[in-house]
Every structure is written in structure tokens, then in C-alpha cells.
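A quick write-up on the structure given underneath.
There are 4 protein chains.
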Amino acid sequence: MSQKSNMIRVAIIGASGYTGAESMKIILRHGEARLTYLTAIPAECGAVEDVFPQFRGRCDLQIEPLDLEKLAELADVALCCLPHKVSMEFVPRLLGAGLKVIDFSADYRLKDVSVYEKFYAVKHTDTANLARAAFGLPELFRDQVQGADLVANPGCFPTGAILAIAPLLAEGLIELDSIIVNSVTGASGAGKNPSAKFHFPNMNENLFAYGIGTHRHMPEMEQIAGELAGSEVRILFQPHVGPFDRGILSTVYSEPKQNVSDDRLLRLYEDFYGGEPFVQVRKDSPGVKDVVGTNYCHVFPAIVKGRIVSFSAIDNLVKGASGQAIQNMNVLFGLKENLGLQ
Amino acid sequence: MSQKSNMIRVAIIGASGYTGAESMKIILRHGEARLTYLTAIPAECGAVEDVFPQFRGRCDLQIEPLDLEKLAELADVALCCLPHKVSMEFVPRLLGAGLKVIDFSADYRLKDVSVYEKFYAVKHTDTANLARAAFGLPELFRDQVQGADLVANPGCFPTGAILAIAPLLAEGLIELDSIIVNSVTGASGAGKNPSAKFHFPNMNENLFAYGIGTHRHMPEMEQIAGELAGSEVRILFQPHVGPFDRGILSTVYSEPKQNVSDDRLLRLYEDFYGGEPFVQVRKDSPGVKDVVGTNYCHVFPAIVKGRIVSFSAIDNLVKGASGQAIQNMNVLFGLKENLGLQ
Amino acid sequence: MSQKSNMIRVAIIGASGYTGAESMKIILRHGEARLTYLTAIPAECGAVEDVFPQFRGRCDLQIEPLDLEKLAELADVALCCLPHKVSMEFVPRLLGAGLKVIDFSADYRLKDVSVYEKFYAVKHTDTANLARAAFGLPELFRDQVQGADLVANPGCFPTGAILAIAPLLAEGLIELDSIIVNSVTGASGAGKNPSAKFHFPNMNENLFAYGIGTHRHMPEMEQIAGELAGSEVRILFQPHVGPFDRGILSTVYSEPKQNVSDDRLLRLYEDFYGGEPFVQVRKDSPGVKDVVGTNYCHVFPAIVKGRIVSFSAIDNLVKGASGQAIQNMNVLFGLKENLGLQ
Amino acid sequence: MSQKSNMIRVAIIGASGYTGAESMKIILRHGEARLTYLTAIPAECGAVEDVFPQFRGRCDLQIEPLDLEKLAELADVALCCLPHKVSMEFVPRLLGAGLKVIDFSADYRLKDVSVYEKFYAVKHTDTANLARAAFGLPELFRDQVQGADLVANPGCFPTGAILAIAPLLAEGLIELDSIIVNSVTGASGAGKNPSAKFHFPNMNENLFAYGIGTHRHMPEMEQIAGELAGSEVRILFQPHVGPFDRGILSTVYSEPKQNVSDDRLLRLYEDFYGGEPFVQVRKDSPGVKDVVGTNYCHVFPAIVKGRIVSFSAIDNLVKGASGQAIQNMNVLFGLKENLGLQ
């Protein structure tokens, strides 16, 4: 596509990981945004095509160490793909350089600093920006995102789990102390660094639980759920990882306060997500392959033995990370929300 | 191994499917049992090596249409790998031919005929044998199995799920109306017949739920759980299938009646399964790859936010089918229980 | 993207298979083309989102039985994704309806009717159109494609294999009677219909050869190679299929007529493919994952023990089918060649 | 199985890797051999069940640092699973301790020390034992193995490739300067240490070539082929790795000296391998899944366009490593050759 002069200029901070690459892929076909600046730690710098062979002939930028002046000059918005804890060191500088920032880390998601500090075991050093960051789940908080200059892009598990039950929470239909979120993610969720668990001969043909009682996405889910319900919510979240690259299937168990029919449930979901481009209410159970490579979330609620079982499927790297970030970017800049994401 | 004259002679009825093949594999290295007679429907008969190339040079039997006289003459025990509903037509004849029978179908598992008839949508035609069949989960019902001449080999999901929580049920530690069993099975669970869902380009890189509210293993779980608890148990069972050949990981959520510590929980499991060769209590969460190809079940209980989360991993074709059948056979014939299963 | 009135209107004939779906996916983000008409056999018709859940919310067309008048009215170009033999019944009518046609089948690829009739065991019924069809491998025959109204979209294996060795053939560098093409394709190459070989529990963790001495892409390779070399070429082609969805890795063995250095070889490839957007000459061996989901072909030639070993990787459904078709469409309509393919 | 007093006592040196684990698995069901001593480098020692959870309840040994006195006292034979170069430091000591040794490394395979030193880039320090080591491919060199006290267990690729063409070489049927071996291995071939290439999100859904012109199994193939042919043989060997755990499919291309029919070819193979328990001549092309988990090699030769294409499938960890080692052990000790391997 021809690169028009009024295109949004996008920098990716921390471009050498999986979410950086996925963001690049989306921006390359966006139409109204273009990549202008890519950064990483020195050990992971170099021509994009050397870091990611899949970009040979598609992107001739260099991944460089971050230079704030260059950034200020070259970009309108930064997709900040740095890890937790590192992000809050850099975000104030990115904002200071005059950019809008969409941050992929957890550093600006948890409004209660003490919860953050407990789960991430580190002091929060940028509480001022934390206070004003928008939570970038546009389907639920689009108003916050419009007008923000800092967006906390949600975690992958919370995105899927919350979209699975948001209508129930918003309608006050379920008990708030007995929600169970059982999720299975593809292995790309573990990131780019090799390890014994994700060594192919171990991960292939395998499936296991992890983060038992300790996963950091649990308080994030509880916070968003609480905002939707207008009251404290208690969630038991149990993640698992399976032998596939991408996708998260969440199976969420909840107790309705009173009897509800399958039909009413379906209608509730359809009404709640009616105008949303990226949330599709299914009439059957979705598979992760129905959404892999897309920014879509497929949801399906059912009544089983008096409980509600809500399913959702997303691509952890798209709706669970880079796609949602660019959806947020589109909202921030007043563009059509599905640009680059069709 | 040399074939001693006093070896148990094993027939496999319905030898052309996955559980038939797995049973053959185990008997071939058993040491005190040998294959003598293999049957299938005519369309699936032929030399074993033509039906299953992996047996070339390992087994030179023919798979033949069932002939009851030949069976009576050639075998001491029948592993009956027929599908539900077909099994109860044949089992009486197998017993009539003087053999001990280990039946892989659901036909002799559900003691309440009305539950069977509801979930399998067919009239039960062999209630006399149903009444006296032993439920072949040796870890829980070894006494029944010893001395039986008909053993109902348990379903794969019930085996994994019940072993995950049997100590809790037997000790009366948990509420009986809020148990949730969330399981993920490998695709061999779907059997040998090609279908759109299990076509490689659909199943690969995919994961989805099925049998929502309707899976036939749900009443089976409730029956066994009820026997252990001495009271009616209500289980919400949700199966999923993932992109791997073998294995079931079950994640079982339950509510303790009163506070219990991780340590006490672990000790309870260790005491309960102390002498069992095939149930291993782990100190961490098991992966399906830890048990694939074996008859072992790895379990691990944990306390999360006041609930108990119990994990179990089995190979659906071994401990969930053929391995457990041969474990039952070993019990029936007074052999060492792990023969062929080490 | 907003749908401009001057967009190319695209019909997909045979939209219910894998190449139909992949074509839809690409057109949906093309920017200067849009889907207007989708057809299939009656048994596979219905809302796109019911046939392919991944298009829910992305495309609200119906897949309908073909109506030639409607087609003529609604579309400028037809991507004809019908199977071999069926295609030549329909292509004359599509052309007759005034459309440009890009045909995915083999029916218009083999210029020698007797070779076609031998390998496809059927009489060719549309030799007039066969004679004037362009062979749609733009990197080699772009001139033919521009100006054509019927394009024969190449086979997936020939695309990868020929791009791996085209510089050698065009330069006359290798012996023409001893070329060996060894390829491994992902399982999507087998199409959408379930079968025993591609049943997940059989195909997963498996790899096998097929089409030994009989694969229909062999004469297609020989024809194109012959055109490049200006002389008859003899190719031994051996395909294999492995446990992955997409991608073909071809390893092509050939004998240089005289000594050639690695450096000269690399320069030859770089010169030959210098301006091509979709062929990337690597300095190391490509993996299929470097190209999956893209229209790129990565090639790498090396000298081993006096032979030339040329590697190429493509996505069988993109550069090997739908992507190349849309690349051809872009050429036909004078658009930027990578529209929809970035 | 009861452990008889006259069982062969087996030590595994370097028990913490994949071939160590596979060897343990086989010995555990051997019947006439038992594990008595397991060693590894200190960082990888510990209870077997902690190093390999799949052995919980199946083996209660400790993996310990090597103590030669203890070894001499406890074991009759050592399976030496150390890496290349390390092995030749330890093998003389193992022999000195009075054990028979089956060595998995390349250190005793290449009879020409200069070839070894070139390909392994290290000086050979144990040429005396090298000279007398038997090459442990029993189907071809059973006489050597009987009576040996040191067996060099062959490489995985040479095992598959040579068994695919041994009848052709022994009969003098093919040209010796134009053999091409194209192989695809599963990822367990890369061993246990995590790396970027074998990180699940990279290796999954991927397939690539490696070791182009440099793979160390190439001279090993040439040496064995040369012995069979009685003359120097030149082999171009190109390995690839695909997204599956186990198995090697080798596709070997050769030129017959004169015309030969498919039938004669098949008969030649059947005669050559007639009595061999572990080599099965197929009438169709084998898949790796036909042999995975077994010590079998399936071969199939075909004529294609005047060339011979020979296929073989083995499990790289069984017939390509641990299974063949135990087959060798059975030969060394005069046992039935398939003990533990049925």
C-alpha cells in the first residue's frame, strides 16, 4: 500500500519479542499507520529480517537501541512491548517525548498499587501515570480509551475470561464469590526465551497446569470483574498450557442467582455485544482455531446443571496482545476500529 | 519371550480399533499371557499387520469374524472392545462360552438402568449380567474384581477424574453438590473413524469443548463418587479435546467442608494411595506427557483461595482403557498386577 | 476498509474449501478488491460464517449455488477453486459471462493435452481455452499474465520446486536429466475431506511419502522447467506429508555442468530474483514457518559434494494457491502486485 | 516382573538424557536384565523420579556421579550414553572395570581416525579400543557384535539410511557415486537442552534443513556403505527436522547399474532381510508412526523413472539409539534378540 503522508507513525519499543513481531505484522497491512521506529535491547538489535526472517522483503527497518530524541521525532505513538517492571521505567519517558503510549505490560493495569506490589514483588515507581491510564479493553471501556494518552493493554487471559462473562457481571446475574476460570493457552504465551518446559520434545504432545493459585492475571480479572459488577468479585483462575502455538480457550463456571434459560442467556449476550465488531456470540462452542490469526473473540454461554458455563476463544497474541493494542490505537486516533485487523 | 504352556490365552473382540491395538501391544510384552484370537466385523478383518502396520513381524494372527466355538476353544478371557450398545449383545455369549470377560463399553458400568437408558437412548437388554458386573477400577474396587467373571472397564474420563478426588470423597472432606470436573483429552479419544472435527487440518492447533451438559461419563462419575461418599454426588463435567494423541488432564474443583492445609491434603492422598502401584501422588502439577504410554495416574491436590483443585493425568488408551483392562485381567487371574504394564 | 466504488469485484467459485477460504481472507484485507459473490455445490452452501466460523462478523455473504447471470452482473473476476476435471466444465462459462478467470485446478496448466489426459485419466474438453491460458507464476511469466483473461494458477509443489531452481535452469547451469525434487507438505494440502490418512490420530506425529512415481505435479514441473531451460527436462519428484497445517519445504538436488562456487551461486539467485517482491534469496536454509501465512517464497542454494542442493519454502495455501492467485489478479488488473499480500 | 538372581545387571552412564531414559524404559520391561546403576554429571543427579517424572513408582534408583569401583561391583554391562568426545575418556575406564560396553557416541564408529578428527574437530585419544570396537548394527554385523566387549552403537540417521539400501549395496546393484539420502527426523534428535531452534513456538508447525554438507553422520554412512559394497561409496546426506517427537523417515535415491523391476527389487529386499526380526519389508511406503515406540525398521524400495527410491522409517530413540543398544546387549549376552523390544 502506498504510504500516505498523513499516516500514523508507529514506534515499537521492545520489538524483538513475539508481541513486537505480531504488532509489526498488523501495522504492515494497516493502511493508515506505518512503522517508523523499532527498538530493543542491544543484544537483540539488527535488521528486522535478521531478527525475524518472516519479514524479509516486507520491512527494511533496523531494530535499534532506544534513543528518545529520535523517537520523539519519528513517531506519534509507541507500542511498548517491554516486560513487566521494565515498562514503568520507560513509559514516563515515552510520554515525555510527546507520544501516545499503549503499554503491553501489567504495570498500568492494576489500580490498587498494593495488589500490584504483592503480585509483582516490586515497588511501583510510576503511580502518577498509573492513576490516569485507561484500561484498554475497548468493548468495556471504550470511553476511557478515547481521549487517553496512556493505555494499559490488558493481559491475554483477562481479555478472554472477562469477555466470556461480562454480560453476566454487568447484569448482576451471577454470584460474585464462586467464579472459576479454567483456561488453556498455546505455548507462544510463554514468550521467546527457550526453557526446559517449552523445549519442543517436552511441550509437544503435552498439556499441564501452572501458576496454581499464583498467576498474576487473577487479580487483574478480579479488578475488571469488580468494575463491571460494581462490587468485589472473587475469581479462582487456573491456567494450563497445551501443544499449540496460539489461542486461549477459557471455560468459565459461575452460579446464576436465579434460574435462567439458555435462550435468555444467549439473548443477553447478543444484546450486550450487539454493536461490537470483535466479539461474536456463537450458538455453539468455539475452538481456538476459529479465531487464531484474528482479533476476534468468540463467546458462547450455556446452562449446565444449574450453573452457567461460558466459553471464550481468542488469539493470545492478537486480541490478547498486539491486535487489541492496535484496536486501542485505532480508537485513540479516531480511526475505524478494525483497520489492520480485518 | 517364550510362550509357556500355562499362559493365559487372551481374545480381543473388536480388535480393529484403537483400544484393540493398545491391548495387543500390552499383551505382546506381558510375559504370562498371550494373544490367541482376534475378531472384528468382516469389513475390518485381515492380517493384523495389514490392519495395523506397527504389528508387522510382531504378531502373525489374523483378525477374523467372531466364531463362538472357536473362541471357547482358544481363549480364557475376552477383552471386549465393542462399542456401547453392541457390547451387551455379545457379552452374554462370551460369558456363555465359558470365558471371563472384561468389557470396555459403558454397558455394564451404570448400575441404575434408567440412567443408562436415558444417556444411551437405548433399552438395556442384559440387566442380569449388569447386576453382577464388577466395576474395574482396581484402586477402589479391587475386592469386587477379584472373583468376578465380568468386569466393566471404566470410562477414560471417570478414571482420571475419580482418582483425582477419591481421597476427598472417601474422607467426606468436600461438599458433594458443587464438584466441577474440567478435562482435556487427546484426540485418540474420538476413536478411529475419520470425521470433520478430527480431520488433521481442523484438529491440529485447535482446542475446543464438546458434550456440553450431555457427556455420558458424567453419570458414571456421579455413580462412583456416590459410592465413595456414601451419598448422592452432583458433578458438573466439561470435556475438551486438544491437539495431541493421548492423555487426559483433569482439573477438578471442589469445596472443602472446612479449612484444610496443603500439607494435610497431600498426606491424605499419600495415605490413601500408599500401596497402589499405579497411582502416584505428585508434589507438583503433572503433565500428560508424564504418563503417556503408561498405566500410571499422577495426581496432585492443591488449595487455591479456599477451594481444592485436584489434578490428574492419565493415558486415555492405557489407564483409561486397555492398560486398566489388563490390570483387571491380572487381578482376575491372581497375577502380579503390573505384568505387561511396567 | 471503506469499500470504494471502483473496487474490483471478486467472485469465488467453489468457496467452501480451503483455497476458497484463504482467498476470502486475503480479499477481505485487499483494499482495492472486494468479495461480491461466493458459490459452491448445494450441500456446502450457506452463510459464510456457518461454513467457516472464522469469518463471523467479517463477511456476511452467503455461499450460493452458481448462477451465471448473477455472476456476470456481480463480478469482474472469478477465482475458480473447483477440483481438477470439474473446472474445465465451468471455466468456459465463466469466461462466457465476461469475467476474467484465475483457475486453481490443473485443467489449464499442462500444455500437452496427452500428458494431461494420461495423468488425470480424463479427456480434456476445453483445449481451445487451454491453448491461450497464461501460466500464472508471475516471477517467471509475468508478461503472459498481463493481458490474459484466463490464468492457470500453478500447483503448490511446482511453485516451490521451480522457484528453487529457476535460476539454474535459465542459466543452463545444470544437467537436465538428473534433477530430484524432494518435498514435504503440510496436511492442508490434502484438502477438506476427512480420510483415514489425515485423521488426526494417524497424521499427528507422523510423516510419510505418497504419490510415488505418480504425482501429477511431476509433469507440471517438467513442463515449466523445460520452458526455462529451452529443452526437455526430466524430474524425479517425491512428495511427503508431515504433521503441520501449512507449508512446503522443497529440497532440490541437481548436478552442475561445471564447478560453481557457493558465492557465485548466491549471486546468480540474487540477480535473477532481484526485483521480485515475493521471492527472497536467503543466506541460510529457510524453514516453512518463515513463510507460513505469507505469499513469500524463501530460497537458498548450496553446493554439497559437487551437487547443488536448492531449498525453497512456501505456504501451500498462499504462494502455492490463493495468494498467488491474487498476485495474478493484481497483475491482470494493473494493481500493485502485493496488494492484500503484505 | 520378578527379578531373578541371574539377570544381567545394567548400568547407564549418562542416564539423564533422552537416550538414557529410553534405555531405562526398555530395561524395566526386559525380563532378563535389570537396572543396577545410573550415573550422570552432578548437576543432573537425583532420584530418577525427580529427573524423569514418568518413572515415579517404576524405578526407585538414584542417578549418581560415576564411581568406577561401585560400577565394577554392581554391573555387567554399561550403556554409555555420553556425548561425543566425552565418551572416549570414559570408555577405557568402563572396560577396565571389567564391563562390556555399548557406546552411544560416535567415538568408536569411524574406523578412519583422520575422518573422525576432521568431522569432530578433536584428536582421538583411544585408538586402541577404536580398532577393536564392533559396529553395532546387528542386521549387518551380528558376527562382530557376538564376542565383542565394546560395541559402537550406530548413529540414528546411518541406521535408517543404510538399512534402506543395504540390499542394493551388498548386491552391487547401484552406482556408488550418486547416492542421495534425504532424511527428516523428529525433534527429540536434538537432545534435551533447550535452544531457540527447538523452542516450541519455533519448532512447532515448522520444518527445516540443517547440517548442510556438514552432518557428521555422512562419513559414518559412507563407511558402512563402503564395507557393504566392498568399494568406496559417496553419499550426499541432507537431514531435516520436523514438528514431531520421534522417528526418522529416510528417502534414499540411487541409480541402478541396469534395469531392475519393482518385483525383483522387492524380492531382493525380502531375501536379504528374511530372517531379521527387526527389519520389515513393506509393500507400501512406511510412515514414521508405524515404527514409533518400537525397535523396528520398515523399508520399501520402488523404481521411479529409472531410479531406485528406497524408504525407511525408524524410531530415532529406539532402533536409532537405545533399542538397538539393547538389541546389541542381547546379542552380546546370547539372549533372545528381541527381549525387552517386543
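Protein chains in written order, with the working numbering: chain S, 3 to 344; chain H, 3 to 344; chain E, 3 to 344; chain V, 3 to 344.
Glycine included, C-beta positions come from ideal geometry on N, C-alpha and C.
Cross-chain neighbours of residue 184/E in chain V, by beta carbon under 7 Å: By Cβ distance, chain V contributes 184, 253.
Counting C-beta neighbours from all protein chains within 10 Å, is the total for residue 43/E 16 or more, i.e. buried, or is it exposed? Classification of residue 43/E: exposed, given that the 10 Å Cβ count is below 16.
With DSSP run on the structure shown, which of helix, strand or coil describes residue 252/S? Strand.
Chain C contact for residue 131/S (CB, 9 Å cutoff): Structure shown: chain C not included; protein chains present are S, H, E and V.
Does the region 153-170 of chain V come within contact of the region 147-163 of chain S, defined as at least 3 CB pairs closer than 8 Å? The region 153-170 of chain V, when compared against the region 147-163 of chain S, does not touch it at the 8 Å Cβ threshold.
Along the region 191-221 of chain V, what residues have a CB closer than 7 Å to any CB found in chain S? Taking 7 Å as the Cβ-Cβ cut-off, the region 191-221 of chain V approaches chain S at 196, 197, 198, 200, 201, 202, 203, 205, 206, 207, given in chain order.
Can you name the residues that DSSP bridges to residue 258/E? Note: residue 258/E sits in a beta bridge opposite 176/E.
Proximity to residue 175/H [Cα-Cα], best of 114/H, 117/H, 230/H: Minimum Cα-Cα distance from residue 175/H among the listed residues 114/H, 117/H, 230/H corresponds to 230/H.
Beta strand (DSSP E) segment containing residue 303/V, residue limits: For residue 303/V, the enclosing beta strand (DSSP E) starts and ends at 299-306.
Who are the Cβ neighbours of residue 304/H in its own chain at under 6 Å, not counting the five residues just before and after it? Closer than 6 Å at Cβ, skipping near neighbours: 311.
Coarse secondary structure for residue 279/E, derived from DSSP in three states: Note: residue 279/E maps to coil in three-state DSSP.
Cβ of residue 296/S within 9 Å of any chain E Cβ: Yes, residue 296/S lies at the interface with chain E (some Cβ there is under 9 Å from its Cβ).
Decide if residue 84/H is buried, meaning its Cβ has at least 16 other Cβ atoms within 10 Å, or exposed. Residue 84/H counts as buried, since no fewer than 16 other beta carbons sit within 10 angstroms of its beta carbon.
Kindly say whether residue 63/V, judged by its beta-carbon, lies nearer than 9 Å to any beta-carbon of chain H. Interface residue (Cβ-Cβ distance to chain H less than 9 Å): residue 63/V is not classified as such.
Since residue 130/E contacts residue 100/E with CB under 8 Å, what's their CB separation in whole angstroms? Actually they are not in contact, since the Cβ atoms of residue 130/E and residue 100/E sit about 17 Å apart, beyond 8 Å.
In whole angstroms, give me the CA-to-CA distance for residue 179/E and residue 201/E. Their Cα atoms are separated by approximately 38 Å.
Grouping DSSP H, G and I as helix and E and B as strand, with all else coil, what is residue 112/H? Residue 112/H: coil per DSSP, three-state reduction.
8 Å Cβ cut-off: residues of chain H touching residue 36/V: Contacts between residue 36/V and chain H, judged by CB atoms closer than 8 Å, are missing: the closest CB pair is about 11 Å apart.
In the DSSP assignment, what are the bridge partners of residue 322/S? Beta-bridge analysis with DSSP links residue 322/S to no other residue.
For residue 184/V, the three-state DSSP class (helix, strand or coil): Correct three-state label for residue 184/V: strand.
Could you confirm whether any beta carbon from chain V is found closer than 9 Å to the beta carbon of residue 285/E? It does not; no Cβ of chain V falls within 9 Å.
9 Å is my cut-off, CB to CB: does residue 160/V come that close to chain E? No - not a single Cβ of chain E is within 9 Å of the one on residue 160/V.
Among 281/S, 250/S, 62/S, 215/S, which one has its Cα closest to the Cα of residue 236/S? Distances from the alpha-carbon of residue 236/S to those of 281/S, 250/S, 62/S, 215/S put 215/S closest.
Between the region 189-205 of chain E and the region 287-302 of chain E, do at least 3 Cβ pairs fall closer than 8 Å? Taking 8 Å as the limit for Cβ pairs, the verdict is that the region 287-302 of chain E does not touch the region 189-205 of chain E.
Residue 235/E: contacting residues in chain V (beta-carbon distance under 7 Å): Ordered by position in chain V, no residue passes the 7 Å Cβ test against residue 235/E, which lies about 12 Å from the chain.
What does DSSP give as the partner residues of residue 242/E in its beta bridges? The partner list for residue 242/E (beta bridge, DSSP) reads 186/E, 211/E.
Looking at residue 185/H: is its Cβ nearer than 9 Å to the Cβ of residue 239/H? The answer is yes: Cβ separation under 9 Å.
Below 8 Å on the Cβ atoms is my contact criterion, and I expect residue 342/V with residue 35/V to pass it. Report the Cβ-Cβ distance as a whole number of Å. So it is a contact: roughly 7 Å between Cβ atoms.
Between residue 326/V and chain H, is any beta-carbon pair separated by less than 9 Å? No, residue 326/V does not count as interfacial toward chain H.
Can you check DSSP and say which residues form a bridge with residue 137/S? DSSP output for residue 137/S lists 154/S as bridge partner(s).
Taking three-plus beta-carbon pairs below 8 Å as touching, is the region 319-333 of chain E in contact with the region 5-21 of chain V? No, they do not touch.
On the three-state DSSP scale, how would you describe residue 313/V? Residue state, collapsed to three classes: strand.
Just to confirm my understanding: we take residue 217/H, look at its own chain, exclude 5 residues before and 5 after, and list those with CB closer than 7 Å. What are they? Counting only Cβ-Cβ distances below 7 Å, and skipping sequence neighbours, we find 239, 241.
Could one say the Cβ of residue 313/S lies closer than 9 Å to chain H's Cβ atoms, at least one of them? For residue 313/S, the answer is yes, since a Cβ of chain H falls inside 9 Å of its Cβ.
Would you call residue 124/E buried or exposed, if buried means 16 or more other Cβ atoms sit within 10 Å of its Cβ? So residue 124/E ends up on the exposed side.
Could you please give the first and the last residue of the uninterrupted alpha helix (DSSP H) stretch that includes residue 225/V? Residue 225/V -> alpha helix (DSSP H) spans 219-231.
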